[in-house]
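J.:
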Amino acid sequence: MITAERKPLDEILELVGDKKKVLVAGCDTCVAICLTGGEKEAEILASELRIKAEQDGTGAEVEHTAAIRQCEWEYLDMIADKVGEADIVVSMACGIGIQSMAEKFSPQLVVPAVNTNMLGMPQEHALWLERCGACGECVIGETAGICPVVRCSKSLMNGPCGGSHDGLCEVTTPEKEDIDCAWHLIWERLKEQGREEMMYINRPPKNWSKSSSGGPRKMVREEAKPV
Amino acid sequence: MTATEYKAGSNLEKILSEGKFAVTGECGPPKSTDVTVIEEKAKILNGYVDAVNITDNQTAVVRVCSMASAYTAQQNGLESIMQMTCRDRNRLAMQADIMGASTLGIKNVLCLTGDHMSFGNHPEAKGVHDLDAINLIKMYKDMRDEKKFQCGEEMPIGPGLFIGCAENPFADPFEFRALRLKKKIEAGADFIQTQCIFNVPKFKKWMEEVRALGLHKEIKILAGITPLKGVGGARYMQKFVPGIDVPQDIVDRMAACEKGAPSQAEGKKIAVEMIKEFTEIEGVAGVHIMAIEWEIAVPDIVEAAGLMPRPAVA
Amino acid sequence: MADADVKTPVAEGDEASGEATDEAPKKPVDPNFEPEIIVFACHYCAYAAADLAGSMRLQYPSNIRMIKLPCTGKLEVIHLLRAIEAGADGVYAAGCLEGECHYLKGNLWARKRVNHVKDLLTEVGIEPERVEMYNMSSAEGAKFAAAATEFTERIKALGPNPVKRPGVDAHVAARDALGDAAMPDDPASSAASEEGHAE
Numbered sequence: 001m002i003t004a005e006r007k008p009l010d011e012i013l014e015l016v017g018d019k020k021k022v023l024v025a026g027c028d029t030c031v032a033i034c035l036t037g038g039e040k041e042a043e044i045l046a047s048e049l050r051i052k053a054e055q056d057g058t059g060a061e062v063e064h065t066a067a068i069r070q071c072e073w074e075y076l077d078m079i080a081d082k083v084g085e086a087d088i089v090v091s092m093a094c095g096i097g098i099q100s101m102a103e104k105f106s107p108q109l110v111v112p113a114v115n116t117n118m119l120g121m122p123q124e125h126a127l128w129l130e131r132c133g134a135c136g137e138c139v140i141g142e143t144a145g146i147c148p149v150v151r152c153s154k155s156l157m158n159g160p161c162g163g164s165h166d167g168l169c170e171v172t173t174p175e176k177e178d179i180d181c182a183w184h185l186i187w188e189r190l191k192e193q194g195r196e197e198m199m200y201i202n203r204p205p206k207n208w209s210k211s212s213s214g215g216p217r218k219m220v221r222e223e224a225k226p227v
Numbered sequence: 001m002t003a004t005e006y007k008a009g010s011n012l013e014k015i016l017s018e019g020k021f022a023v024t025g026e027c028g029p030p031k032s033t034d035v036t037v038i039e040e041k042a043k044i045l046n047g048y049v050d051a052v053n054i055t056d057n058q059t060a061v062v063r064v065c066s067m068a069s070a071y072t073a074q075q076n077g078l079e080s081i082m083q084m085t086c087r088d089r090n091r092l093a094m095q096a097d098i099m100g101a102s103t104l105g106i107k108n109v110l111c112l113t114g115d116h117m118s119f120g121n122h123p124e125a126k127g128v129h130d131l132d133a134i135n136l137i138k139m140y141k142d143m144r145d146e147k148k149f150q151c152g153e154e155m156p157i158g159p160g161l162f163i164g165c166a167e168n169p170f171a172d173p174f175e176f177r178a179l180r181l182k183k184k185i186e187a188g189a190d191f192i193q194t195q196c197i198f199n200v201p202k203f204k205k206w207m208e209e210v211r212a213l214g215l216h217k218e219i220k221i222l223a224g225i226t227p228l229k230g231v232g233g234a235r236y237m238q239k240f241v242p243g244i245d246v247p248q249d250i251v252d253r254m255a256a257c258e259k260g261a262p263s264q265a266e267g268k269k270i271a272v273e274m275i276k277e278f279t280e281i282e283g284v285a286g287v288h289i290m291a292i293e294w295e296i297a298v299p300d301i302v303e304a305a306g307l308m309p310r311p312a313v314a
Numbered sequence: 001m002a003d004a005d006v007k008t009p010v011a012e013g014d015e016a017s018g019e020a021t022d023e024a025p026k027k028p029v030d031p032n033f034e035p036e037i038i039v040f041a042c043h044y045c046a047y048a049a050a051d052l053a054g055s056m057r058l059q060y061p062s063n064i065r066m067i068k069l070p071c072t073g074k075l076e077v078i079h080l081l082r083a084i085e086a087g088a089d090g091v092y093a094a095g096c097l098e099g100e101c102h103y104l105k106g107n108l109w110a111r112k113r114v115n116h117v118k119d120l121l122t123e124v125g126i127e128p129e130r131v132e133m134y135n136m137s138s139a140e141g142a143k144f145a146a147a148a149t150e151f152t153e154r155i156k157a158l159g160p161n162p163v164k165r166p167g168v169d170a171h172v173a174a175r176d177a178l179g180d181a182a183m184p185d186d187p188a189s190s191a192a193s194e195e196g197h198a199e
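So the protein sequences, as listed, match chains A, B and C.
Take the working numbering: the final residue in the first sequence is number 227, and no numbers are missing along the way.
Take the working numbering: the final residue in the second sequence is number 314, and no numbers are missing along the way.
Take the working numbering: the final residue in the third sequence is number 199, and no numbers are missing along the way.
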């Protein structure tokens, strides 16, 4: 799923500025599942903002709401009234939802309360790990179901590099001391599957034009377009 | 081999192809545009090595680029091995740069993945990694042999290159390391330099696996060493540098010496012992001495190891 | 009756999938080959047209087996695909004239889906001409017969479905895939029986 983390409060306060009627908008899909921006969390942020407003004497009034999914026009219709009443909307959705809100309710101010960070999976409760690079040309059928684009720090197509040690990546920043070396994992699983020979193939350079490097992408389903 | 059969006709290539034990050094460019730094280092190493690596933003720290420094070194009489890392350049830049290097008379190139940005002084930079080292080796090989750009377009004159790469016999997964070397050979590498060795028995084991696959006949292997200046360096590498295996007995030897000249002498002694062992290992075609910021140690080491004078080739 | 709407297989295929479909079939044509063809016909127009063709004693091939739907809009991509997968040599949807669908746009959706199935079949190496969409009004018995005849000839020329195998009844498979969407045959209808239209 798409995961996001709430921005530090002072960043949010700076974005809100001196606006008086603030609406915190949650989204009940991805960001709710990763416990960052669902209705529950929107209510919490609204409460925090009210506490802060009280202390700072700003006179700001903060309400909250949530859409089932902020990235669908029809669901945004359902919160349009509340959005209309606000001076600024603080959206807790992922970047897609925030942009949809900004577009639908333009020129209403819509600002992000979260930093969308990855396509991640809940490895265990309350722990999300980046899994997919959305590169547009998936190769994990050749790499034992492990993505070399985003799980390898250098996106190697022919890993591992010389920095792999004890099954870990050479990147050891404080937040990321225990990154598994993706190519080590690939090798181990290929062995388990009896497919070591996949490691010996010299994979060609990746076609990055299919990723966002090639420009913003779009997808069209001709057969589903309304008649 | 006649001149036309050489891939690049570099000094290093000729020495290796004649089966002579090669010696390469390493030179880190300065963190300033003070070109005299490179000139000084070239003077120290000249005559004691067959070619010198010129590092490129090593450990992701910005320095004068390898190509310019390599050119300077060659202008000062020392053949260079330019380095190209995948971290900093995309395939366009890597092709353009190698063509540029070739026009400047640079003939040897080392193809590397590159240490991650988080190690260096610009951790917020975007790592390029358009290609990996194996893609890069193949791309340069095709430019040289097929006279084709990576996109398939032809070029009338291609660069003459002697293509090198690095390999770490001590990184994990250990059992895959010899096979990874095989991939690099298939991609087109002509020579490899290993990461610095302190654990000679483990290196010998790796060489066994390499020989079992016949790889030593397909590529020239230069064993890497880093002479130790003091016990601090030994301990640091043992604890903090992944992929470097420093056995405790070496740390102890260094610890037993007084700081300064005695330590340095011991460090050089250890280096010389290792080089002598390397010359006895079947399949090791030379030694790569990485005396970063201690280039003045290299002449003593090369002399004491009995590797002087360096062969002159046509 | 207007023949204009009954297009040749080549032209229909061109419009639908944008591909050249005038290649000769690669396999030699077996003159004894009797294709199995499944027709998904809408209750309001096509099935009625079939009925009319029967009462008019118009000849059309007995190769076709009908399944009645309330509207061709009920047809999903999977229904067409399952019929082919089960070995039907040809499959077509027969619906109301465009603009006259009893459910307004059902036949337009059907045509879209038929076109998509042509793409899918091309992907798996089966001739996209094996699926088709025809439009007719309930008064156009002759058009129904012409479509059936033309399509049967087309399939005869193509030869049997490459994935046909014994023991699998495509008609049954198609009905199963449709589930409740398939309407029971009207036993009084001549479309349901083989008499009256067998060649």
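Glycine included, each C-beta is placed from N, C-alpha and C at the ideal position.
Can you find a C-beta in chain A that's less than 7 Å from the C-beta of C/K112?
T.: Along the third sequence, read from residue 1 onward, the residue named residue 112 of chain C stands at position 112. Closer than 7 Å to some Cβ of chain A, the Cβ of C/K112 qualifies, so yes.
J.: Take the Cβ of A/W208 as the centre, count every other Cβ of all protein chains shown within 10 Å, and call the residue buried at 16 or more, exposed below.
T.: For the purposes of this step, residue 208 of chain A is identified with residue 208 of the first sequence, where counting begins at 1. A/W208 comes out buried.
J.: Is it true that the CB of A/I186 sits closer than 7 Å to the CB of A/A134?
T.: By 1-based counting over the first sequence, the position of residue 134 of chain A is 134. By 1-based counting over the first sequence, the position of residue 186 of chain A is 186. Taking 7 Å as the Cβ cut-off, A/A134 and A/I186 do not qualify as a contacting pair.
J.: Quick check: is the beta carbon of A/V220 nearer than 7 Å to any beta carbon in chain C?
T.: Taking the first sequence and counting its residues from 1, the one referred to as residue 220 of chain A is at position 220. Chain C contact via Cβ: absent.
J.: Identify which residue in B/G243, B/A8 and B/M99 has its Cα closest to the Cα of B/N199.
T.: Position 199 of the second sequence, counted from the first residue, corresponds to residue 199 of chain B. Among B/G243, B/A8 and B/M99, the Cα nearest to that of B/N199 is on B/G243.
J.: Quick check on the DSSP output: the beta strand (DSSP E) that includes B/C165 runs from which residue to which?
T.: Translated into the one-based positions of the second sequence, residue 165 of chain B becomes position 165. Element bounds for B/C165: F162 to E167.
J.: Run through DSSP, which three-state label would B/G19 get?
T.: As a first step, residue 19 of chain B must be located in the second sequence, where it is residue number 19. Note: B/G19 maps to coil in three-state DSSP.
J.: Quick one: which chain A residues come within Cβ less than 9 Å of B/D172?
T.: For the purposes of this step, residue 172 of chain B is identified with residue 172 of the second sequence, where counting begins at 1. Near B/D172 (Cβ distances below 9 Å), the residues of chain A are P160, S164, H165, D166, G167, L168, C181 and H184.
J.: Quick check: the segment 134-143 of chain B against the segment 157-168 of chain B, are there 3 or more CB pairs under 8 Å?
T.: Yes: the two stretches touch, three or more of their Cβ pairs being nearer than 8 Å.
J.: Check for me: the alpha helix (DSSP H) holding A/I146 runs from which residue to which?
T.: To locate residue 146 of chain A, count along the first sequence from 1; it is residue 146. Taken as a continuous stretch (DSSP letters only), A/I146 belongs to no alpha helix (DSSP H), as it is neither H nor E.
J.: In angstroms, rounded to a whole number, what distance separates the CA positions of B/I292 and A/G97?
T.: Mapped onto the second sequence, residue 292 of chain B falls at position 292. Mapped onto the first sequence, residue 97 of chain A falls at position 97. Rounded to the nearest angstrom, the two C-alpha atoms are 52 Å apart.
J.: Let me see if you follow: with CB-CB separation under 7 Å, is A/E223 close to chain C or not?
T.: The residue labelled residue 223 of chain A in the question sits at position 223 within the first sequence. For A/E223, the answer is yes, since a Cβ of chain C falls inside 7 Å of its Cβ.
J.: In chain order, what residues of the same chain lie with their CB nearer than 7 Å to the CB of B/F119, ignoring the 5 residues before and after it?
T.: Position 119 of the second sequence, counted from the first residue, corresponds to residue 119 of chain B. Result list for B/F119: T59 and A60, in chain order.
J.: Taking 7 Å as the threshold (beta carbon to beta carbon), is B/H122 in contact with chain A?
T.: Residue 122 of chain B sits at position 122 when you count from the first residue of the second sequence. For B/H122, the answer is no, since every Cβ of chain A falls outside 7 Å of its Cβ.
J.: Helix, strand or coil: how does DSSP classify B/Q150 here?
T.: For the purposes of this step, residue 150 of chain B is taken as residue 150 along the second sequence, with counting starting at 1. It is coil, neither helix nor strand.
J.: State the beta-bridge partners of C/K68 as determined by DSSP.
T.: In the third sequence, the residue the question calls residue 68 of chain C occupies position 68. DSSP lists C/A41 and C/M183 as partners of C/K68.
J.: Could you round the C-beta distance between A/G167 and A/C181 to whole angstroms and report it? I think they count as a contact, below 8 Å.
T.: In the first sequence, the residue the question calls residue 167 of chain A occupies position 167. In the first sequence, the residue the question calls residue 181 of chain A occupies position 181. The pair is a contact, with the Cβ atoms about 6 Å apart (cut-off 8 Å).
J.: Which residues in the same chain have their Cβ closer than 7 Å to the Cβ of B/D245, if we skip the five residues on either side of it in sequence?
T.: Within the second sequence, numbered from 1, the residue matching residue 245 of chain B stands at position 245. Closer than 7 Å at the Cβ level, and outside the excluded window around B/D245, lie F170, F198, N199 and K202.
J.: Is there a Cβ of chain C sitting closer than 7 Å to that of A/V227, yes or no?
T.: Sequence index remark: in the first sequence, residue 227 of chain A carries index 227 (1-based). So, interface residue.
J.: Between the Cα of B/V128 and the Cα atoms of A/P148, A/E48 and A/K154, which residue gives the shortest distance?
T.: By one-based count along the second sequence, residue 128 of chain B stands at place 128. For the residues A/P148, A/E48 and A/K154, the minimum Cα distance to B/V128 belongs to A/K154.
J.: Buried or exposed for C/T21, please, with buried defined as at least 16 other CB atoms from any protein chain shown within 10 angstroms of its CB.
T.: If you number the third sequence from 1, residue 21 of chain C lands on position 21. With a pLDDT of only 48 at C/T21, under the threshold of 50, the placement of this residue in the model should not be trusted; the figure read from the coordinates follows. C/T21 is buried by the Cβ-count criterion.
J.: Among C/A147, C/A174, C/M183 and C/D180, which one has its Cα closest to the Cα of C/A53?
T.: Here residue 53 of chain C is taken as the residue at index 53 of the third sequence, counted from 1. Per the Cα distances, C/A147.
J.: How many whole angstroms separate the CB atoms of C/A94 and C/A46, which I take to be in contact at a CB cut-off of 8 Å?
T.: Position 94 of the third sequence, counted from the first residue, corresponds to residue 94 of chain C. Position 46 of the third sequence, counted from the first residue, corresponds to residue 46 of chain C. Rounded, the Cβ-Cβ distance is 3 Å, consistent with contact.
J.: Counting only the same chain and skipping the five closest in sequence on each side, list residues whose C-beta sits under 8 Å from that of B/I106.
T.: By one-based count along the second sequence, residue 106 of chain B stands at place 106. Counting only Cβ-Cβ distances below 8 Å, and skipping sequence neighbours, we find M67, A70, Y71, Q74, S80 and M82.
J.: Starting from the C-beta of C/L120, find all residues in its chain whose C-beta is less than 8 Å away, skip the five residues before and the five after it, and write them out in chain order.
T.: The sequence position of residue 120 of chain C within the third sequence is 120, counting from 1. Excluding positions up to five away in sequence, the list reads V77 and L81.
J.: Can you tell me whether B/K184 is helix, strand or coil according to DSSP?
T.: For the purposes of this step, residue 184 of chain B is taken as residue 184 along the second sequence, with counting starting at 1. Reduced to three states, the DSSP call for B/K184 is helix.
J.: Residues bridged to A/P122 by DSSP?
T.: For this step, residue 122 of chain A is matched to residue 122 along the first sequence. Partner(s): A/W128.
J.: With 16 other CB atoms within 10 Å as the buried threshold, where does B/T103 fall?
T.: Taking the first residue of the second sequence as position 1, residue 103 of chain B is located at position 103. Exposed: under 16 other Cβ atoms inside 10 Å.
J.: Which one of B/E153, B/E167, B/C151 and B/A133 has the shortest CA to CA distance from A/M157?
T.: Along the first sequence, one-based indexing puts residue 157 of chain A at 157. Nearest C-alpha to A/M157: B/A133.
J.: When you compare the CB positions of B/V37 and B/L45, do they come within less than 7 Å of one another, or not?
T.: Position 37 of the second sequence, counted from the start, is the residue given in the question as residue 37 of chain B. Position 45 of the second sequence, counted from the start, is the residue given in the question as residue 45 of chain B. Against a cut-off of 7 Å, the Cβ pair of B/L45 and B/V37 comes out as no contact.
J.: Under 7 Å Cβ-Cβ, which residues of chain A neighbour C/L108?
T.: Residue 108 of chain C sits at position 108 when you count from the first residue of the third sequence. Those are V227, listed as they occur along chain A.
J.: Which residues bound the alpha helix (DSSP H) around B/I275?
T.: Taking the first residue of the second sequence as 1, we reach residue 275 of chain B at position 275. A261 to E280 is the span of the alpha helix (DSSP H), which, as asked, contains B/I275.
J.: On the three-pair Cβ rule with 8 Å, is the segment 170-178 of chain C touching the segment 129-136 of chain C?
T.: The segment 170-178 of chain C is not in contact with the segment 129-136 of chain C.
J.: Can you give the Cα-Cα distance for A/K20 and A/E61, rounded to whole angstroms?
T.: Numbered from its first residue, the first sequence carries residue 20 of chain A at position 20. Numbered from its first residue, the first sequence carries residue 61 of chain A at position 61. Each residue's alpha carbon lies about 6 Å from the other.
J.: Between the alpha carbons of C/F144 and C/F33, how many angstroms are there, rounded?
T.: Locating residue 144 of chain C in the third sequence gives position 144, where the first residue counts as 1. Locating residue 33 of chain C in the third sequence gives position 33, where the first residue counts as 1. Distance between the alpha carbons of C/F144 and C/F33 is about 22 Å.
J.: Quick check: what's the CA-CA separation for B/D116 versus C/E129?
T.: Position 116 of the second sequence, counted from the first residue, corresponds to residue 116 of chain B. Position 129 of the third sequence, counted from the first residue, corresponds to residue 129 of chain C. The question names Asp, but residue 116 of chain B in the sequence shown is His. Using only the alpha carbons, I get a separation of about 55 Å.
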